[in-house]
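Q: Its first residue numbered 20, the sequence shown is counted upward by one per residue in this note's numbering.
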Amino acid sequence: MRRVTVPSCVVLLLTLASCAPSPPAPADPHSFARPGEVVVDHLDLDLAVDFERRTLTGKASLHVINRTGAKRLWLDVREMEIRGVTLGREGTPTTWELGREQPFLGRPLAVEVRPDTEIVHVEYTTHPEAAALQWLEPRMTAGGRQPFLLTQSQSVFARSWVPCQDTPGVRMTYDATVRVPPGAWALMSAENPQRPAPDGVYSFHMPQRIPSYLLALAVGDIAFRPLGPRSGVYADPGVVDAAAWEFADTAAMMAAAERLYGPYRWGRYDVIVLPASFPYGGMENPRLTFATPTILAGDRSLISLVAHELAHSWSGNLVTNASWNDFWLNEGFTVYLEARILEELYGRDYAEMQSLLEFRGMLEEIEDLGADNPLTRLALDLAGRDPEDTFDTVVYPKGYLFLRLLEEAVGREAWDAYLRGYFDRFAFQSMTTERFLDDLRRGLLDARPGLERELRIDEWVHGSGLPDNHPRIESAALAAVDAKVEAWLAGTPAAELDTRAWTTAELLHFLRSLPEPLPAERMAELDDAFGLTTTGNSELLHAWLLHAVAGGYRPADPALERFLIGQGRLKFLRPLYRKLAETEAGRRRALAIYARARPGYHPMSYREIDEVLGRPGAR
Ligand code: BES
Ligand code: ZN
Numbered sequence: 020m021r022r023v024t025v026p027s028c029v030v031l032l033l034t035l036a037s038c039a040p041s042p043p044a045p046a047d048p049h050s051f052a053r054p055g056e057v058v059v060d061h062l063d064l065d066l067a068v069d070f071e072r073r074t075l076t077g078k079a080s081l082h083v084i085n086r087t088g089a090k091r092l093w094l095d096v097r098e099m100e101i102r103g104v105t106l107g108r109e110g111t112p113t114t115w116e117l118g119r120e121q122p123f124l125g126r127p128l129a130v131e132v133r134p135d136t137e138i139v140h141v142e143y144t145t146h147p148e149a150a151a152l153q154w155l156e157p158r159m160t161a162g163g164r165q166p167f168l169l170t171q172s173q174s175v176f177a178r179s180w181v182p183c184q185d186t187p188g189v190r191m192t193y194d195a196t197v198r199v200p201p202g203a204w205a206l207m208s209a210e211n212p213q214r215p216a217p218d219g220v221y222s223f224h225m226p227q228r229i230p231s232y233l234l235a236l237a238v239g240d241i242a243f244r245p246l247g248p249r250s251g252v253y254a255d256p257g258v259v260d261a262a263a264w265e266f267a268d269t270a271a272m273m274a275a276a277e278r279l280y281g282p283y284r285w286g287r288y289d290v291i292v293l294p295a296s297f298p299y300g301g302m303e304n305p306r307l308t309f310a311t312p313t314i315l316a317g318d319r320s321l322i323s324l325v326a327h328e329l330a331h332s333w334s335g336n337l338v339t340n341a342s343w344n345d346f347w348l349n350e351g352f353t354v355y356l357e358a359r360i361l362e363e364l365y366g367r368d369y370a371e372m373q374s375l376l377e378f379r380g381m382l383e384e385i386e387d388l389g390a391d392n393p394l395t396r397l398a399l400d401l402a403g404r405d406p407e408d409t410f411d412t413v414v415y416p417k418g419y420l421f422l423r424l425l426e427e428a429v430g431r432e433a434w435d436a437y438l439r440g441y442f443d444r445f446a447f448q449s450m451t452t453e454r455f456l457d458d459l460r461r462g463l464l465d466a467r468p469g470l471e472r473e474l475r476i477d478e479w480v481h482g483s484g485l486p487d488n489h490p491r492i493e494s495a496a497l498a499a500v501d502a503k504v505e506a507w508l509a510g511t512p513a514a515e516l517d518t519r520a521w522t523t524a525e526l527l528h529f530l531r532s533l534p535e536p537l538p539a540e541r542m543a544e545l546d547d548a549f550g551l552t553t554t555g556n557s558e559l560l561h562a563w564l565l566h567a568v569a570g571g572y573r574p575a576d577p578a579l580e581r582f583l584i585g586q587g588r589l590k591f592l593r594p595l596y597r598k599l600a601e602t603e604a605g606r607r608r609a610l611a612i613y614a615r616a617r618p619g620y621h622p623m624s625y626r627e628i629d630e631v632l633g634r635p636g637a638r
């Protein structure tokens, strides 16, 4: 095997400049891959999971199609050691080079290939701090018996555990062999086992083509419960029954989604409830949604998250944003589908209530960002930026409102027929904003002259802020809550507000509508009335703790500490640490808590909180 070791930066730059052909402008600003030249269409993975070293070691065999007879295959990698690259079934050595590390993109791996090359084998070992991987000690799991490994590949982190063309514009099938310590389960975004393998060797098969950001792996102490003929839930053995109860409506959600948007094309739909350090609420890994345990409220009040991740089986996983600039095609569409599924199952009032909560959140976010901030656009330009910036933005509810605007303009019947056709026409393909608009014109707008201008579609898609012709979300229940907010602020004690029949959504709306800071005695009154400091509902606790920090409400201190240490969901951590950091005393407190919490966070979470707290040594 000939191997080019990485020389100093300067030499490397010269090497690349002299021998690498200058690349045509890549379509995806967040990938070094050039799928127009050589494209990966299948992946064979063989990985050994080493909990002691915190590494994955093994081989990725990439089946490629050399479209242009190109001399190089360009892959994305980061935080991994490449041990060797060979070609073909016989494993012929070849030359490869690693390019310069770039902020949040990692580095290009250029492999010399031949016009007839069909397979490229990359042998590698991941870094213990690889961005996608979280390695948990047994004590950080619910049962405390075994260590746990979980991945989070979206948006650009698959490249930290699999050398690949890490762009949502490329799809591949995959097979994997994963070797884990005996007794542990391994699960992937693929066909999954329903019982553990005694020898710890698992084989996975994923027959549907997926983009790299949907590659996923979880390893640990896991049990399974069926929820229906095509769905089930995996979780820690001590959590799995509670999870099965919470997600009892999953099969009905699938049926509703299929009535609306056509067949579920992924075989089974299972959910895994992960340890609490999982940095997101949910992640739509195909066949196996990854979910935080913080949605196990005990009363099914937070299951809209399952509807959301399930909806991605159409919007996102089936028709996929071509690059992260078109993220709204994944998330805005999914929020819309989620609302429709919720409406099917629980009625219009329920769905409107959820939508209005999100809408209010968006208004606040637009105010924070500024209505002219480019991050408030649907079609984004993220070149040179961290694609994770989008997660904090308004594309979710704004995309929802835009699709609802279309629905209301053409009527539900025509709109539903169009949308169902869209998923059929573009199944297993990637989509750009312009391609969607072309299809929308052909399918709906061209037959309705003047409608595109009347709806101000260009302003919706390319403009910032929220156009004033947005649909109005109506919730009588939340309007009634608004009246109670007024009454409470005018002095009516909480105990006299008659809130006994309130659902989580109503109480959440109430809390979020209150001004900051609240005086301590009024916070105590709310706490007495609603048991907020001790609530087991993570959304309510989060909304409450924000008030507690702003108002300096000391009785909630232990709960705040427990919450920040006990779970790692960025959506909860980010605002709480930000709020703490607003004062010097708060920042000191935050740093003290963070020192204990950080070892339990996913790399994605601690990297961001490092920045929020301006922690020295932040990377
Ligand atoms: N795909 C997203 C999660 C994501 C987005 C991960 C961007 C990395 C980068 C997922 O579908 C999602 O939106 N999750 C939400 C929950 C949802 C109900 C809004 C979350 O995790 O809070
Ligand atoms: Zn989503």
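A virtual CB, placed ideally from N, CA and C, is assigned to each residue, including glycine.
Note down the Cα distance separating D289 from G202, rounded to an integer number of angstroms.
A: Each residue's alpha carbon lies about 21 Å from the other.
Q: Under 7 Å: does the beta carbon of E383 sit that close to some heavy atom of the ligand BES?
A: Result no, Cβ not under 7 Å from the ligand BES.
Q: Tell me whether V96 sits in a helix, a strand or coil according to DSSP, three-state version.
A: DSSP places V96 in strand when its eight states are reduced to three.
Q: According to DSSP, what are the bridge partners of Y355?
A: Answer is none; Y355 lacks a bridge partner.
Q: Given that a residue counts as buried once 16 or more other Cβ atoms are within 10 Å of its Cβ, and exposed if not, what is I628?
A: By the 10 Å Cβ count, I628 comes out buried.
Q: Hey, how far is the Cα of Y572 from the Cα of T522?
A: C-alpha separation (whole angstroms): 25 Å.
Q: With burial defined as no fewer than 16 other Cβ atoms inside 10 Å of the residue's Cβ, what is the status of G550: buried or exposed?
A: Burial call: exposed.
Q: Buried or exposed: D95, going by 16 or more other Cβ atoms within 10 Å of its Cβ?
A: D95 comes out buried.
Q: Nearest by alpha-carbon distance to F17: which of A46, L401, T111, S172 is it?
A: The chain is shown from 20 up to 638; residue 17 falls before or after that span and cannot be answered.
Q: If you draw a straight line from the alpha carbon of S231 to that of R581, how long is it in whole angstroms?
A: Taking the straight line from one Cα to the other gives about 35 Å.
Q: Using 7 Å as the cut-off, classify the Cβ of S174 as near or not near the heavy atoms of the ligand BES, replying yes or no.
A: Within the cutoff, so yes.
Q: Give me the Cα-Cα distance between V57 and V141, rounded to the nearest whole angstrom.
A: Near 16 Å, if we compare the C-alpha coordinates of V141 and V57.
Q: Would you call T661 buried or exposed, if buried means 16 or more other Cβ atoms sit within 10 Å of its Cβ?
A: No information on residue 661 is available, as it lies outside the stretch 20 to 638 that the chain covers here.
Q: Considering only the beta carbon of each residue, do D69 and T160 sit closer than 8 Å?
A: No; because the gap between Cβ atoms is not below 8 Å, this pair is not in contact.
Q: Can you check DSSP and say which residues form a bridge with A67?
A: Paired residues: T76, R198.
Q: Between G301 and the ligand BES, is there a pair consisting of the residue's CB and a ligand heavy atom that are separated by less than 7 Å?
A: G301 Cβ: within cutoff of the ligand BES.
Q: Kindly list the residues whose CB is nearer than 8 Å to the CB of G585, restricted to its own chain and excluding five residues on each side of it in sequence; keep chain order.
A: Closer than 8 Å at Cβ, skipping near neighbours: A295.
Q: Name the two residues that bound the continuous beta strand (DSSP E) containing S374.
A: From DSSP, S374 is part of no beta strand (DSSP E) but of the alpha helix (DSSP H) over 367 to 388.
Q: Could you give the first and the last residue of the continuous alpha helix (DSSP H) run that contains E603?
A: Unbroken alpha helix (DSSP H) run through E603: 603 to 616.
Q: Quick one: does the C-beta of T339 sit closer than 7 Å to a heavy atom of the ligand ZN?
A: Not under cutoff, so the answer is no.
Q: Could you pull out every residue in the same chain whose Cβ sits closer than 7 Å to the Cβ of P157, ignoring the five residues on either side in sequence?
A: So the qualifying residues of the chain are G163, R164, Q165, P166.
Q: At a threshold of 7 Å, does H327 count as lining the ligand ZN (C-beta to nearest heavy atom)?
A: Yes, the Cβ of H327 comes within 7 Å of a heavy atom of the ligand ZN.
Q: Can you tell me whether N488 is buried or exposed? The criterion is at least 16 other CB atoms within 10 Å of its CB, across all chains shown.
A: By the neighbour-count rule (16 or more Cβ atoms within 10 Å), N488 is not buried but exposed.
Q: Assuming the contact rule is C-beta atoms closer than 8 Å, S80 and G188 should be a hit. Round their C-beta distance to whole Å, please.
A: With 8 Å as the limit, S80 and G188 do not qualify as a contact, their Cβ atoms being about 21 Å apart.
Q: Any heavy atom of the ligand ZN closer than 7 Å to the beta-carbon of T353?
A: Indeed, a heavy atom of the ligand ZN lies less than 7 Å from the Cβ.
Q: I need the boundaries of the alpha helix (DSSP H) containing R595, first residue and last residue.
A: The sequence shown places Leu at residue 595, not Arg. 589 to 599 is the span of the alpha helix (DSSP H), which, as asked, contains L595.
Q: Just the Cα atoms here: how many angstroms apart are L324 and L375?
A: In a straight line, the C-alpha of L324 is about 16 Å away from that of L375.
Q: Taking 7 Å as the line, does the beta carbon of V572 fall inside it for any heavy atom of the ligand BES?
A: The sequence as given places Tyr at residue 572; Val does not occur at that position. No, the ligand BES has no heavy atom inside 7 Å of this Cβ.
Q: Distance, Cα to Cα, S128 vs M207?
A: Reading off the sequence, residue 128 comes out as Leu, not Ser. Looking at the two C-alpha atoms, the distance is approximately 25 Å.
Q: So L646 and S624 are supposed to be a Cβ contact under 8 Å. How far apart are they, rounded?
A: Residue 646 falls outside the range modelled here, since the chain spans only 20 to 638, and no answer is possible.
Q: Could you tell me whether the segment 382 to 397 touches the segment 474 to 483, using the rule of 3 or more Cβ pairs below 8 Å?
A: Yes, they touch.
Q: Based on Cα-Cα distance, which residue from G440, G55, L155 lies nearest to Y620?
A: Of the candidates G440, G55, L155, the one whose C-alpha sits nearest the C-alpha of Y620 is L155.
Q: When you compare the CB positions of I229 and P305, do they come within less than 8 Å of one another, or not?
A: Yes; because the gap between Cβ atoms is below 8 Å, this pair is in contact.
Q: Tell me, which residues are paired with S334 by DSSP?
A: Looking at the DSSP assignment, S334 forms a beta bridge with V338.
Q: For a quick check, are the C-beta atoms of G300 and G555 less than 8 Å apart?
A: Not closer than 8 Å, so no.
Q: Reducing DSSP to helix, strand and coil, say where Y625 ends up.
A: Residue state, collapsed to three classes: helix.
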